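A.B. asks: This is the structure I want to talk about, given as C-alpha cells.
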Amino acid sequence: MTAMRKVIILGATSRIALEIQRLLVRRGRELLLVARSPERLADLQADLLVRGAHQVLTYSADLASIQQHAAIFEFARHTLPDFDTVLLAFGSMHDQKDSETSVDILLKELHVNFVSATAILTLFAADLERRRTGCLAAITSVAGDRGRRSNYVYGSSKGALSLFLQGLRSRLHPAGVRVITIKPGPVQTPMTDHLANSARFADPEQVARDIVRALEQRSPDVLYTPKIWRYIMAAIQQIPETIFKRLSF
Amino acid sequence: MSGQSAATLCKQPAAPPPTERILSWGRYPKTAHHRVHKPAWNDQVPDILRDAAPGSLLPYGLGRSYGDSCLNDGRDLIDCRRLNRILGFDESTGMLRCESGVSLSDLIDVFLPKGWFLPVTPGTRFVTVGGAIANDVHGKNHHCAGTFGAHVRQIGLHRSNDGLVICNSEDNLDMLRATIGGIGLTGVIAWADIQLKRVAGPWIEAESIPFQSLGTFLDLSRESNDHFEYTVGWLDCFAGRHPRGIFFRGNHSADRGKEFHPKRGPKLPFALPAWMLNHYSVTAFNTAYYKIHAARKHAAVVPYDSFFYPLDSIRQWNLLYGKQGFLQYQCVIPETKIEAVEELLDRVARSGMGSFLGVLKQFGSAPPVGMLSFPRPGLTIALDFAMRGQRTLKLMQSLDEVVQQSGGALYPAKDARMSSPLFEASFPRWRGFVPCIDPKMSSSFWRRVTEAQ
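These protein sequence lines are chains A and B, in that order. The first sequence maps to residues 1 to 249 in this note's numbering. The second sequence maps to residues 250 to 702 in this note's numbering.
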C-alpha cells in the first residue's frame, strides 16, 4: 500500500468533502474534484489554491447520471493517471415521509446513494486492482446499521452501500487495495438542516479530521465518526426486533 | 420599513418551529428566531431573499455583536458561516477576495505565514468578514489605519430587488458607504475585496506602561501614536474619577522571524453562577491584573495572538457572566470633553457594578467610511456589566445622559438598550441610510431604535 498523494473526490461540493479537501491541501495532496456545478467547483478550486494547494483539478459532471461515469473515469485516468485514493462523498436524504408516498422519490434516493455510488466505485476499483495499489473510501452512514421507522429509506440505501463495500474490501484485499467504510453519525450539513436538533449534530470539521486520519493510517476498515457512534450503534443493534419495531425513532 | 406587522409575517410558508437558540455574545436579550437559513453557496442566497416576507431577514455571522444588532427576534436569520471560501489573492499586491462568512481567524491562519496580516483587527479573531464590514470594526491601530471598512475596496452585495450589486468607489458608492457599518441591513454580502497589509512576522514588540489618570493616558496615547502602530489602554474602573490602568503599545517585530506555534486555550464549559462575579471578585481580579502588568517587564516581544486577542484564549468567556448574560457599554466622547469621561467613570465606580477589562482608546481623525460608522475623533471607552436587571439598565441610562450631553455616541455592535433619541444623536446621518436598506431586511436593533419614529 502506498501513501495517499493524489486524491479523487466524488461529490466535492458536499459539506464534509469541503472540510476534507482543506485538510488534504494542508498536507500537500493533489486533488481532482468532481461535482455537478461548474461555478461551485471554480469557487472551491480558487479557495484551495489560495490555501496552498499545488494542484486542484476539477471535472463537472452529474454523479447521479451513470451515463456520465465513463467520462469521469477517463478524465481521471488522463489527468491524474497515478491517483491513489478515491473518496466518495455524495449522497442524498429526502424527507422519509415523501419516499413513503412517492415511489419516484424512493427510487431516486436508492439510485443516488446506492446504484450510482456502486457503479462509479466499480470503475475505479478495477483500475486500482489492476495497479495493485491505493484506497477506496466511501461515506455511508450509521443510519445503514439498522432500519428505523423515521429514516429507513435513506438508511437502507446507505446500509446496502456498506454491504457492497464489505464485499469489495474482501475482493480487493489480495490486490493490496484498501476499502474504508465511513459511517458518520448525524453531522451539521445542508443535508440535515431540516432535521430536529440539527444544531446539536457533529461538527463537519471534526468528522473531516477523523476521515483524513483514517485515510492516512492503515486502519480501520470501518470508521465511525464521531467515535461514540461505534458504541451507540453496537447497542442499538442488540435491541431485539420485537422491541425495536415498537420504537418510533 | 421597520414597522412590519405580524400579519404580513404570518403569510410566510410554514417553517419548522424555532429549534435553534441563537443569542448574541452578551447573551442578552434572549431571543427566539423563526427560522435560520444556512446557505452553503452564494447561488442559494437569491432564492432565500426572493421567498422572504418584507423586513423578515438579517444576515448573521459568528454572533460576536454583544447586543441585538445581530438578532432578529421572531423573524429569520441568514447564517452566512458556510459562505467561507477565499476566492482569490494577489500575492504581489495583497488584495484578497473572499466570501462574507470567512472568519478573520481563518484569514490569519492562511495569510500570516505568507507575510500578510489584517489591515485592521478587532479584539477577537472570531468574527466574519461580513460582520467586520457590517459593523465597520476598529482596532488598536485606528489612529493610523482607520476602520476595517477603509480597507474594503469592493463589495458584491445580494439585494432582494436588484440581484448582485457590485459596489466600489466608482459604481454604487452610496451603497458601499451604507453597507460598511450598515449592520447587515443593506443586503447579504456575497464577497468583498480587502487590502491586506504586509508584516514582518507574527511577533509584536510590545510595551506596557502603568498610568494613574485619564490625563496621563491621553499624554501617553498622543506621544505614542506617531511611533506605534497599535495603542490601547486597559482600565480598572473601580478606581473612579482618577482611574489606574495599563497602556499597551506595539509594533510588528522585524527581528523576531516567522516561526510560530499557535496554542489552543481552555474553554469555559458552561455559564458560571451569577454570584461568582461580584464586587469583591472583580476588584481582586482588576487589582491583580494591574499589579502583574505594572510590575512586569516594560517591553517584550510577544506573539500576535496574545497581543491582539487576549480574551480569545478563553473560549466562550462570555459565559463568565452567568445565565442572565451581560451588557457592554462602548461610547466615544470628544477629546475636548475629557471631564465627561471622568464623570462616566465616577458614576460607574459609585454604582459598584464595575467590570473586568475596561478598554480605552484614542481614535484617529480619519473621516468615517460608512454612513453609520461608529469611530470618530475622540476617546472611546468600553465597559462590561453583568446583567442584573433594572439596576444595570438604570446605570446605563445615567451614563447615556453624560454621553449625550458631551456630544458623544454609542456603538450599535455593543448595544442592546440605547434609546431612539440617543441613536439619532449618535448617527445624525441615519435618515440618509434608510433608502439603502434592503426591503427584506430588518433587525431587533433597528426596530428598537427606529420604531418610535
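Ideal Cβ placement from N, Cα and C applies to all residues, glycine included. Predicted, not measured: the structure shown is a model, and the values here were computed from it.
(1) Any beta-carbon of chain A closer than 8 Å to the one on residue 289 of chain B?
(2) Which residues bound the beta strand (DSSP E) around residue 500 of chain B?
(3) Do residue 144 of chain A and residue 63 of chain A have their beta-carbon atoms positioned less than 8 Å apart in this structure?
(4) What is the DSSP secondary structure of residue 424 of chain B, counted as helix, strand or coil?
(5) Is the CB of residue 220 of chain A under 8 Å away from at least one CB in chain B?
(6) So residue 334 of chain B contacts chain C; which residues on that side make the cut at Cβ distance below 8 Å?
(7) By Cβ distance, which residues of its chain are closer than 6 Å to residue 672 of chain B, with the 5 residues on each side in sequence left out?
(8) Please state the DSSP three-state secondary structure of residue 363 of chain B.
(9) Output yes if chain A places a C-beta closer than 8 Å to the C-beta of residue 322 of chain B; else output no.
(10) Given a cut-off of 8 Å on the beta-carbon distance, is the pair residue 440 of chain B and residue 349 of chain B in contact?
(11) Which runs of the alpha helix (DSSP H) at least 4 residues long sit entirely within the segment 648-692 of chain B? Give them in chain order.
(12) With a threshold of 8 Å, are at least 3 pairs of Cβ atoms found where one atom belongs to the segment 554-569 of chain B and the other to the segment 368-377 of chain B?
(13) My understanding is that residue 337 of chain B touches residue 447 of chain B, with C-beta atoms under 8 Å, so please give their C-beta distance in whole angstroms.
(14) Using a beta-carbon distance below 8 Å, is residue 190 of chain A in contact with chain B?
(15) When you compare each of B/399, B/394, B/505, B/626 to residue 477 of chain B by their alpha carbons, which one comes out closest?
(16) Might you give, ordered along the chain, the residues of its own chain that have their beta carbon closer than 6 Å to the beta carbon of residue 142 of chain A, omitting 5 neighbours on each side?
(17) Residue 202 of chain A to residue 660 of chain B, Cα distance in whole Å?
(18) In chain A, which residues lie less than 8 Å from residue 337 of chain B when you measure between Cβ atoms?
(19) Look at the alpha carbon of residue 273 of chain B and the alpha carbon of residue 434 of chain B, and state the distance between them as a whole number of angstroms.
(20) Alpha carbon to alpha carbon, how far is residue 193 of chain A from residue 500 of chain B? Give it in angstroms, no decimals.
(21) Helix, strand or coil for residue 135 of chain A? Go by DSSP, reduced to three states.
(22) Does any CB atom of chain A fall closer than 8 Å to the CB of residue 410 of chain B?
(23) Please specify which runs of the beta strand (DSSP E), each continuous and at least 3 residues long, are wholly inside the segment 369-452 of chain B, giving them in chain order.
(24) Which residues in the same chain as residue 191 of chain A place their Cβ atom closer than 6 Å to its Cβ, once the five residues preceding and following it in sequence are excluded?
(25) Using a Cβ-Cβ cut-off of less than 7 Å, list which residues of the segment 276-306 of chain B approach chain A; keep chain order.
(26) What are the residues in the segment 350-361 of chain B lying within 7 Å of chain A by C-beta distance?
(27) Using a Cβ-Cβ distance under 8 Å, would residue 193 of chain A count as near chain B?
(28) So, residue 8 of chain A versus residue 187 of chain A, is the Cβ gap smaller than 8 Å?
(29) Please check if any C-beta of chain B sits within less than 8 Å of the C-beta of residue 36 of chain A.
(30) Excluding five sequence neighbours on each side, which residues of the same chain lie with their C-beta closer than 8 Å to the C-beta of residue 612 of chain B?
(31) Look up residue 28 of chain A in the DSSP assignment and say whether it is helix, strand or coil.
(32) Look at residue 271 of chain B and residue 694 of chain B and say whether their C-beta atoms are less than 8 Å apart.
(33) Please report the Cβ distance between residue 91 of chain A and residue 54 of chain A, rounded to the nearest whole angstrom; I am assuming they are in contact, meaning their Cβ atoms lie under 8 Å.
(34) Report the option in B/417, B/654, B/286 whose CA atom is closest to the CA atom of residue 704 of chain B.
(35) Using the rule of at least 16 other Cβ atoms within 10 Å of the residue's Cβ for burial, across every protein chain shown, is residue 204 of chain B buried or exposed?
(36) Count the C-beta pairs between the segment 662-681 of chain B and the segment 569-579 of chain B that are closer than 8 Å, then say yes if the count reaches three, no if not.
C.D. replies: In brief:
(1) One-based indexing of the second sequence puts residue 289 of chain B at position 40. Closer than 8 Å to some Cβ of chain A, the Cβ of residue 289 of chain B qualifies, so yes.
(2) For the purposes of this step, residue 500 of chain B is taken as residue 251 along the second sequence, with counting starting at 1. Here the beta strand (DSSP E) through residue 500 of chain B covers 493-501.
(3) Here the question's residue 63 of chain A lines up with position 63 in the first sequence. Here the question's residue 144 of chain A lines up with position 144 in the first sequence. No, the pair does not count as a contact, with Cβ atoms beyond the cut-off.
(4) Sequence index remark: in the second sequence, residue 424 of chain B carries index 175 (1-based). In this structure, residue 424 of chain B counts as helix in the three-state DSSP scheme.
(5) Residue numbering aside, residue 220 of chain A sits at position 220 when the first sequence is read from its first letter. No, because no Cβ of chain B sits closer than 8 Å to the Cβ of residue 220 of chain A.
(6) Here chain C cannot be found, since the structure's protein chains are A and B.
(7) Within the second sequence, numbered from 1, the residue matching residue 672 of chain B stands at position 423. So the qualifying residues of the chain are 698.
(8) As a working note, residue 363 of chain B is residue 114 in the second sequence. Residue state, collapsed to three classes: helix.
(9) Taking the second sequence and counting its residues from 1, one reaches residue 322 of chain B at position 73. Judged by the 8 Å Cβ criterion, residue 322 of chain B is not in contact with chain A.
(10) Numbered from its first residue, the second sequence carries residue 440 of chain B at position 191. Numbered from its first residue, the second sequence carries residue 349 of chain B at position 100. Yes, the pair counts as a contact, with Cβ atoms nearer than the cut-off.
(11) 669-675, 679-682
(12) yes
(13) Stepping through the second sequence from its first residue, residue 337 of chain B is reached at position 88. Stepping through the second sequence from its first residue, residue 447 of chain B is reached at position 198. Actually they are not in contact, since the Cβ atoms of residue 337 of chain B and residue 447 of chain B sit about 18 Å apart, beyond 8 Å.
(14) For the purposes of this step, residue 190 of chain A is taken as residue 190 along the first sequence, with counting starting at 1. For residue 190 of chain A, the answer is yes, since a Cβ of chain B falls inside 8 Å of its Cβ.
(15) Start at 1 with the first residue of the second sequence, and residue 477 of chain B comes out as number 228. With distances taken between Cα atoms, residue 477 of chain B lies closest to B/394.
(16) Locating residue 142 of chain A in the first sequence gives position 142, counting from the first residue. Closer than 6 Å at the Cβ level, and outside the excluded window around residue 142 of chain A, lie 183, 185, 229, 233.
(17) The count along the first sequence starts at 1 and reaches residue 202 of chain A at position 202. The count along the second sequence starts at 1 and reaches residue 660 of chain B at position 411. Cα-Cα distance, rounded: 35 Å.
(18) Position 88 of the second sequence holds residue 337 of chain B. Residues of chain A passing the Cβ test: 46, 50.
(19) Locating residue 273 of chain B in the second sequence gives position 24, where the first residue counts as 1. Locating residue 434 of chain B in the second sequence gives position 185, where the first residue counts as 1. Residue 273 of chain B and residue 434 of chain B: Cα-Cα distance of roughly 17 Å.
(20) If you number the second sequence from 1, residue 500 of chain B lands on position 251. If you number the first sequence from 1, residue 193 of chain A lands on position 193. Whole-angstrom Cα-Cα distance: 45 Å.
(21) For this step, residue 135 of chain A is matched to residue 135 along the first sequence. Residue 135 of chain A: strand per DSSP, three-state reduction.
(22) Here the question's residue 410 of chain B lines up with position 161 in the second sequence. Not an interface residue.
(23) 401-408, 412-416, 437-444
(24) One-based indexing of the first sequence puts residue 191 of chain A at position 191. Result list for residue 191 of chain A: 93, in chain order.
(25) 287, 289, 290, 292
(26) 359
(27) The residue given as residue 193 of chain A occupies position 193 in the first sequence. Answer yes: the Cβ-Cβ gap between residue 193 of chain A and chain B drops below 8 Å somewhere.
(28) As a first step, residue 8 of chain A must be located in the first sequence, where it is residue number 8. As a first step, residue 187 of chain A must be located in the first sequence, where it is residue number 187. It is not a contact, given that the beta carbons lie outside the stated cut-off.
(29) If you number the first sequence from 1, residue 36 of chain A lands on position 36. No - not a single Cβ of chain B is within 8 Å of the one on residue 36 of chain A.
(30) By one-based count along the second sequence, residue 612 of chain B stands at place 363. Contacts found: 387, 391, 392, 581, 624, 625, 626, 627, 628, 629.
(31) For the purposes of this step, residue 28 of chain A is taken as the residue at position 28 of the first sequence. Correct three-state label for residue 28 of chain A: coil.
(32) If you number the second sequence from 1, residue 271 of chain B lands on position 22. If you number the second sequence from 1, residue 694 of chain B lands on position 445. Their beta carbons are not under 8 Å apart, which means residue 271 of chain B does not touch residue 694 of chain B by this criterion.
(33) The residue given as residue 91 of chain A occupies position 91 in the first sequence. The residue given as residue 54 of chain A occupies position 54 in the first sequence. With 8 Å as the limit, residue 91 of chain A and residue 54 of chain A do not qualify as a contact, their Cβ atoms being about 29 Å apart.
(34) Outside the displayed span of chain B (250 to 702) sits residue 704 of chain B, for which this structure offers no information.
(35) Outside the shown range of chain B (250 to 702) lies residue 204 of chain B, about which nothing can therefore be said.
(36) yes
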